[in-house]
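Peer 1: Numbering that gives the first Met the number 0 puts the first residue of the sequence shown at 0, with every later residue one more than the last. Note that CB positions come from ideal geometry on N, CA and C, so glycine has one too.
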Amino acid sequence: MTAVAGNTTALAGRTAADIAIDESDTVPVFRPYLGPEVHAATTAALNAGFLGLGSRTREFEFGIESFLEGSGRYAVATSSCTEALHLAARLADIGHGDEVICPSFTYVAGHQAMTATGADVVLCDIEPDTLGLDAARARELIGPRTRALMLMHYGGVPCRDTEAVYTLAREHGLRVIEDAAHAFGSTTQDGHIGASGDLTCFSFGPVKLITTLEGGAVITSNEADVQVLHELRLIGVNSDTEARYRDTRTWHYDVTRQGYRSHLGSIPAAIGTAQLALAKEFIGNRQSYCRRYDEAFAAFPQLARLDTDWSNIAPFIYTVRCPDEMAREQLMAHLRSEGVASGIHFLGAHTFSFYRSARRGPLPVTEYMSERIVTLPLHSYMADRTIDRVIGAVRGFFGSGSGL
Ligand SMILES: *Cc1c(COP(=O)(O)O)cnc(C)c1O
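(1) Look at ALA340 and VAL120 and say whether their C-beta atoms are less than 7 Å apart.
(2) Please determine whether the Cβ atom of MET331 lies at a distance below 6 Å from any heavy atom of ligand 1.
(3) Assign PRO35 to one of two classes, buried (16 or more other C-beta atoms within 10 Å of its C-beta) or exposed (fewer than that).
(4) Between the Cα of GLU337 and the Cα atoms of ASP387, ALA295, ALA303 and TYR367, which residue gives the shortest distance?
(5) In three-state DSSP terms, what is VAL364?
(6) Taking only three categories from DSSP, how would you classify SER23?
(7) List in chain order: all unbroken beta strand (DSSP E) runs of 3+ residues lying wholly within the segment 105-170.
(8) What residues come near ligand 1, if near means a beta carbon less than 7 Å from any of its heavy atoms?
(9) What are the start and end residues of the beta strand (DSSP E) that includes PHE61?
(10) Can you name, in chain order, every residue of its own chain whose Cβ lies under 7 Å from the Cβ of ALA87, other than the five neighbours on each side?
(11) Distance, Cα to Cα, TYR106 vs ALA180?
(12) Please return the same chain residues whose Cβ sits closer than 6 Å to the Cβ of ASP189, not counting the five positions on each side in sequence.
(13) Would you mind sorting VAL389 into buried or exposed? The rule is 16 or more other CB atoms within 10 Å of its CB.
(14) Which term fits GLY117, buried or exposed, when burial requires 16 or more other beta carbons within 10 angstroms of its beta carbon?
(15) Alpha carbon to alpha carbon, how far is GLY398 from GLY215? Give it in angstroms, no decimals.
(16) Taking Cβ to Cβ, would you say GLY51 is nearer than 7 Å to GLY264?
(17) Thinking C-alpha only, which one of GLY69, ILE20 and TYR317 is nearest ARG285?
(18) Please state the DSSP three-state secondary structure of HIS191.
(19) For PRO102, list the residues DSSP reports as bridge partners.
(20) On a CA-only basis, which of ARG359, PRO322, VAL393 and SER379 is nearest ARG138? Give me that one, please.
(21) Three-state secondary structure (DSSP) at ILE282?
(22) According to DSSP, simplified to helix, strand and coil, what is ASP246?
(23) Inspect the beta-carbon positions of GLY142 and SER185 and report whether they are closer than 7 Å.
(24) Does the segment 64-84 come into contact with the segment 282-302, if we say contact requires no fewer than three beta-carbon pairs (one atom in each stretch) closer than 8 Å?
(25) If you count every other CB in all the chains shown that lies within 10 Å of the CB of LEU277, and 16 or more means buried, which is it?
(26) Pick out the complete beta strand (DSSP E) segments inside the segment 309-355, 3 residues or longer, and give them in chain order.
(27) Is any non-hydrogen atom of ligand 3 found closer than 6 Å to the C-beta of THR219, if you look at the structure I gave you?
(28) TYR165 and LEU130: beta carbons closer than 7 Å?
(29) In angstroms, rounded to a whole number, what distance separates the CA positions of TYR73 and PHE183?
(30) Under a three-way DSSP split, which group does PHE396 fall into?
(31) Name the DSSP bridge partner or partners of TYR73?
(32) Would you call MET325 buried or exposed, if buried means 16 or more other Cβ atoms sit within 10 Å of its Cβ?
(33) Measure the beta-carbon distance from ASN237 to THR255 and round it to whole angstroms, keeping in mind my assumption that it falls under 8 Å.
(34) Give the straight-line distance between the Cα atoms of GLU241 and ARG335, rounded to the nearest whole angstrom.
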């Protein structure tokens, strides 16, 4: 690889303690790694002077393809995962009059990407093991206008029902769009998420496992899709991508369709390549931090956790579930007072005014989880004392006579 990889080796040996959080600072929920490798890659890309979609974009796409180790899978980098999902839906020819069955319990970026095409979302419940789309519930929601099913791999944990959802899709001639914003690097018995399947979308947004600041990618097995995605990504222009992949531009081209301004430029792509070189280290660290949380929180049976040993998972967030909504509010307030931030992933889309009239099935698991779930800090490098602060703050709450 390039100078970026060389730099990584030269700088290897960093420890979490080197980039620790001061005792007096709040522990944030997210903390992107922006170390010297990232600065070096940014400076090199800026000095090269070619800013738009370029050879660095292609290099990053190659990097994603080889990381996923999928045979015949192609990556098309985009300006965000929201745009990746939007372009995937456009590619699948989803639009006005169509329905996409989505979990209500996911980030609203997924719903927005679908409704941006003019399609309607149909809000489906999740199953309680992995908080992924419940295939049996999805089956009940299929109607004459259904065109696609959306999967979202929560927190990096692969959906329990992935196979059942693909079976359902085959039976009804539907597309599957996988929102894998949380799951870059996670594996199943079929290899990495994104190494197989229909259309997989990743996020490289500010807080995701690896970041391009803002960015995403669509993964497809169909070589013809790649050309369509290139046109969708670059305002419908049919031939500019190849020239730009050589850091040049073309002056004669056709415009073949309605496209969007959704490409990934050279500087973010270079940051992505630098991050990718560290992804395995990020994943290994996060797995060990999740296991430390699990061990500590096993003492509190009131606090439900995902049932996983993290071994095949690239953890994006670490969540626990409180006994009820009131307990969650109290826990979050207590953590805040102890200098530990926490978050909520997610509120069901059916609670938002824009999706109030969306068709839906029963949503008991979504309701249950969205009232109780809380996200604790998880970073790619956490010093022992930072993890101890989070654990101590949680322990302090349950030991504080709150009656829970
Ligand atoms: C972050 C996220 C997205 C959107 O990603 P962007 O790259 O910020 O557009 C989509 N879906 C889920 C589940 C996410 O967490």
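Peer 2: The short version:
(1) In this structure, ALA340 sits away from VAL120, with a CB-CB distance that is not shorter than 7 Å.
(2) Not so, every heavy atom of ligand 1 lies at least 6 Å from the Cβ.
(3) PRO35 counts as exposed, since fewer than 16 other C-beta atoms from the protein chains shown sit within 10 angstroms of its C-beta.
(4) Put simply, of ASP387, ALA295, ALA303 and TYR367 the residue whose alpha carbon is nearest the alpha carbon of GLU337 is ASP387.
(5) Reduced to three states, the DSSP call for VAL364 is helix.
(6) DSSP places SER23 in the coil class of the three-state scheme, outside both helix and strand.
(7) Runs found: 119-123 and 145-151.
(8) Result: SER79, CYS80, THR81, GLU82, LEU84, THR105, TYR106, ALA108, GLY109, MET151, ASP178, ALA180, HIS181, SER202, PHE203, GLY204, LYS207, GLU213, GLY214 and GLY215.
(9) Here PHE61 belongs to no beta strand (DSSP E); instead the alpha helix (DSSP H) covers 54-67.
(10) If we look at ALA87 and ignore the five residues flanking it on each side, its Cβ neighbours are ILE176, LEU198, CYS200 and VAL217.
(11) Going by the C-alpha atoms only, they are around 10 Å apart.
(12) The beta carbon of ASP189 lies closer than 6 Å to those of SER195 in the same chain, with the five residues before and after it left out.
(13) By the Cβ-count criterion, VAL389 is buried, with 16 or more other Cβ atoms from all chains shown falling within 10 Å of its own Cβ.
(14) Per the 10 Å Cβ criterion, exposed.
(15) C-alpha separation (whole angstroms): 42 Å.
(16) It is a contact, given that the beta carbons lie within the stated cut-off.
(17) Ranking the options by Cα distance to ARG285, first place goes to TYR317.
(18) In the structure shown, HIS191 adopts extended strand secondary structure according to DSSP, grouped into three states.
(19) Beta bridge pairing from DSSP links PRO102 with CYS123.
(20) Per the Cα distances, ARG359.
(21) Assigned with DSSP and collapsed to three states, ILE282 falls in helix.
(22) In the three-state reduction of the DSSP assignment, ASP246 falls in the coil class.
(23) Taking C-beta atoms as the reference points, GLY142 and SER185 fail to come closer than 7 Å.
(24) In this structure the segment 64-84 does not lie against the segment 282-302, because fewer than three pairs of beta carbons, one per stretch, are closer than 8 Å.
(25) The Cβ neighbour count for LEU277, taken over all protein chains shown within 10 Å, is at least 16; the residue is labelled buried.
(26) 317-320, all fully within the segment 309-355.
(27) Of the ligands one can find in the structure shown, namely ligand 1, none is ligand 3.
(28) Against a cut-off of 7 Å, the Cβ pair of LEU130 and TYR165 comes out as no contact.
(29) Each residue's Cα considered, the two are about 15 Å apart.
(30) Three-state result, PHE396: helix.
(31) Beta-bridge pairing by DSSP links TYR73 to THR219.
(32) Result: exposed.
(33) Indeed they touch by this definition, with Cβ atoms about 5 Å apart.
(34) Using only the alpha carbons, I get a separation of about 50 Å.
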